[in-house]
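Have a look at the structure below before the remarks.
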Amino acid sequence: MNKEKNILEQFESISSIEPSAEWNDKLMQKLNRSQRTSGNSSSKKLVLFATVVLLAVNLFSLSDKLKSDNEQQSREKLKNIANEFLISTSSSKY
Amino acid sequence: MTEPELLAQLKAGNKTAFAELVYEYQLKVINICYRFLLNKADAEDIAQEVFIEVHQSIKQFRGDSALSTWIYRIATTKSLDEIKKQNRQKRITSIGELLGIEQIANWVAAKERPDKTLEEKEGLSLLMKALNKLPESQRIALTLSKVEGYNNTKVAEIMETTLTAVDSLIYRAKQNLKSFLIK
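From first to last, the protein sequence lines stand for chains E and A. Take any residue in the first sequence, count from 1 to its spot, add 17: that is its number in the numbering used here. Take any residue in the second sequence, count from 1 to its spot, add 1012: that is its number in the numbering used here.
What follows is the structure, given as structure tokens:
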């Protein structure tokens, strides 16, 4: 029981502390480090954004090309079918 | 410099204003962290992180509360995060000890408090264990109420709650602490 009382008293009576002499210097060092890191991270974000934009543009042009290729192919197929149909109709006349 | 002036200067990235802010609040911030962490070196480290966070987020500070309240809230959150981190490390050590991995046990032993006597260490360890068992809100209310110069109104402001709630939290925290320590 005494021990518990002592522990509680210890908690109640914790006195204030003063920062150590090098505390401010360490803070400035950490601050400079964090600014460098955040600077790096914003340039990384910029590079990432540019990459995403380039990828999106490439994908868009690729899909556009595929689409026009498909249209071209379908047009040719239709042409072939029409040609065959014309041949067969003309041949049936004889 | 008045608080709105200081705030405007801080938002503009003025280094002198930041130095003034650090000078004004460092003692209080270090002592809030110390009350939570019960270790000077850890308290100093976390207090530095608090000011780094303040520096990084000052532009987002909308002024809904006093600047001091906002800073002390950051100090409280950072201290609690550190406690959670330390508790995780302790769990890893226990597993390390169970598995007989000496390096892990040594690593944590090196982080223990070399500046305290064995009796003090035992007391602090018991106190930490008991505090860890408290619900977070009770722990915050009790700890902040013990920071020098704080009254329960200030604690209520930091915790964004009412004075009655803080009084009740502190009362229950004390009761719980006693029962945890007696067990």
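Backbone N, C-alpha and C fix where the C-beta goes; we use that ideal spot for every residue, glycine too.
- For Asn1188 of chain A, none of the residues of chain E pass the 7 angstroms Cβ criterion, the least Cβ distance being about 12 angstroms.
- Inclusion of Ile1182 of chain A and Leu1154 of chain A in the CB contact set at 8 angstroms is warranted, their separation being smaller than that value.
- By the Cβ rule, the segment 38 to 57 of chain E counts as touching the segment 1051 to 1067 of chain A, because three or more pairs are nearer than 8 angstroms.
- In chain order, Ile34 make up the part of chain E whose C-beta sits under 7 angstroms from the C-beta of Lys1052 of chain A.
- Straight-line measurement puts the Cα of Ser59 of chain E at about 12 angstroms from the Cα of Ala67 of chain E.
- In terms of beta-carbon proximity, Asn23 of chain E lines the interface with chain A, with at least one pair separated by less than 8 angstroms.
- Within 10 angstroms of the beta-carbon of Ile1194 of chain A lie fewer than 16 other beta-carbons, which makes it exposed.
- The segment 1048 to 1060 of chain A and the segment 1016 to 1033 of chain A do not touch, with fewer than three beta-carbon pairs separated by less than 8 angstroms.
- The alpha-carbon of Glu29 of chain E is positioned some 23 angstroms away from that of Thr1081 of chain A.
- For Glu1160 of chain A, at least one C-beta of chain E is nearer than 8 angstroms to its own C-beta.
- Check the Cα spacing between Tyr1084 of chain A and each of A:Lys1141, A:Arg1103, A:Phe1048: the tightest is with A:Phe1048.
- At a cut-off of 8 angstroms, the C-beta of Leu1049 of chain A has no neighbouring C-beta in chain E.
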